[in-house]
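**Student:**
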Ligand code: SF4
Ligand SMILES: [Zn+2]
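Numbering (this note's numbering), first residue to last: 74 to 412.
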């Protein structure tokens with residue numbers, strides 16, 4: 074591939090897009106009750122970390138535009154308000170950090186938050202943008218603010234070498250303190266199977282991370298890794314150096330924990346997302362959706378024993394013998410200059 078041409082074409086496409094990335098309506102549990110949700114993704118200049126470096130599994134930069142202006146953002150807000158149907162939970166995403174003033178200026182952040190009549194408003198941010206004064210001002214604009222942080226793993230080694238997260242577990246804990254002191258609540262994203270971990274390592278890392286971040290004011294959201302377009306991880310996946318997590322692994326995590334968990338549906342049952350086999354993917358994804366709204370772990374007790382389950386067990390046993398640990402070098406060579 075001619076990377077120079079590709080990069081130019083990619084930048085042209087990005088700078089021509091100035092509207093909302095997308096929005097959708099869904100359902101989620103709120104204090105034990107299933108309520109309607111509204112989610113919207115604003116197109117901003119993008120994640121500051123992504124501009125400097127970026128996480129290995131992240132392709133969100135494709136939904137951003139470094140040339141976005143204040144006027145574009147104002148138009149996006151008007152569009153978002155039109156699409157809002159009075160849902161009790163509103164989630165406002167930016168493919169970056171809502172609290173980064175370079176993405177969303179403070180006065181606009183206030184306008185956005187006060188535009189929706191929700192009981193719970195969710196915004197995402199990296200910990201370095203979580204500041205006491207900022208939170209104090211923004212918490213006044215909503216009934217209850219929930220800050221979602223992509224911690225991904227509570228293990229610093231995984232954060233640095235597998236995810237290239239650019240912050241450590243202690244940074245997350247410091248930001249968590251600020252969130253709770255401001256009267257806000259937290260949502261923590263954890264990954265199942267970031268790159269360079271075996272299936273077993275990924276399961277154990279996630280179970281340990283769930284228990285580390287468990288807190289009454291924290292909602293834990295599990296993101297089984299999906300291979301995003303134009304992410305570094307995509308290069309490994311195309312070379313068959315990465316397999317997305319098995320759905321069986323996700324069920325193992327659910328069964329070995331007792332915390333409430335929200336399972337992200339992104340990519341579930343597809344070849345780029347957590348998958349088993351074409352015979353059982355559909356049924357299991359349906360159960361996972363039911364689990365999100367009921368937290369009923371018994372849903373998984375009567376799953377048919379698909380033949381792929383024994384493949385998954387063998388895969389877990391054999392993988393440590395075949396795991397290719399040189400993939401980090403390939404990644405850094407081939408990705409240089411790609412974005
Ligand atoms: S995963 Fe989040 S923090 Fe990492 S580069 Fe993407 S948007 Fe930024
Ligand atoms: Zn199967």
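C-beta: ideal position from N, C-alpha, C; glycine also.
(1) Going by CA-CA distance only, name the one from 279, 273, 250 that's closest to residue 264.
(2) Leaving out the 5 sequence neighbours to the left and right, which residues in its chain are closer than 6 Å to residue 221 when beta-carbon positions are compared?
(3) Quickly, what does DSSP pair residue 260 with across the bridge? List them, please.
(4) Is there contact here, the segment 303 to 312 with the segment 371 to 379, by at least three beta-carbon pairs under 8 Å?
(5) With burial defined as no fewer than 16 other Cβ atoms inside 10 Å of the residue's Cβ, what is the status of residue 130: buried or exposed?
(6) Using the beta-carbon of each residue, find all residues closer than 5 Å to any heavy atom of ligand 2 and list them in chain order.
(7) What does residue 96 pair with, by DSSP beta-bridge criteria?
(8) Kindly indicate which three-state DSSP category residue 208 falls into: helix, strand or coil?
(9) With respect to the beta strand (DSSP E) encompassing residue 193, which residues constitute its N-terminal and C-terminal limits?
(10) For ligand 1, any of its heavy atoms closer than 7 Å to the Cβ of residue 123?
(11) Exposed or buried, what is residue 289 when buried is set at 16 or more other beta-carbons lying within 10 Å of its beta-carbon?
(12) Check whether the Cβ of residue 168 lies closer than 7 Å to any heavy atom of ligand 1, and answer yes or no.
(13) Going by beta carbon distance, what residues of the same chain come within less than 6 Å of residue 179, once the five residues before and after it are set aside?
(14) DSSP puts residue 267 in a beta bridge; with which residues?
**Tutor:** Reading off the structure:
(1) Ranking 279, 273, 250 by Cα distance to residue 264 puts 279 first.
(2) Once the five neighbours on either side are set aside, the close Cβ partners of residue 221 are 195, 197, 260.
(3) Residue pairing by DSSP puts residue 260 in a beta bridge opposite 221, 292.
(4) Pairwise C-beta distances place the segment 303 to 312 out of contact with the segment 371 to 379, as fewer than three of them are shorter than 8 Å.
(5) Residue 130 comes out buried.
(6) With 5 Å as the limit between CB and the heavy atoms of ligand 2, the residues that fall short of it are 349, 350, 352, 353, 379, 381.
(7) 113, per the DSSP bridge assignment.
(8) The answer is helix: DSSP assigns residue 208 an H, G or I state.
(9) Residues 193 to 197.
(10) At least one heavy atom of ligand 1 lies less than 7 Å from the C-beta of residue 123.
(11) With fewer than 16 other Cβ atoms within 10 Å, it is exposed.
(12) At least one heavy atom of ligand 1 is nearer than 7 Å to the Cβ of residue 168, so yes.
(13) Cβ neighbours of residue 179 beyond the five flanking positions: none.
(14) For residue 267, DSSP records no beta bridge to any residue.
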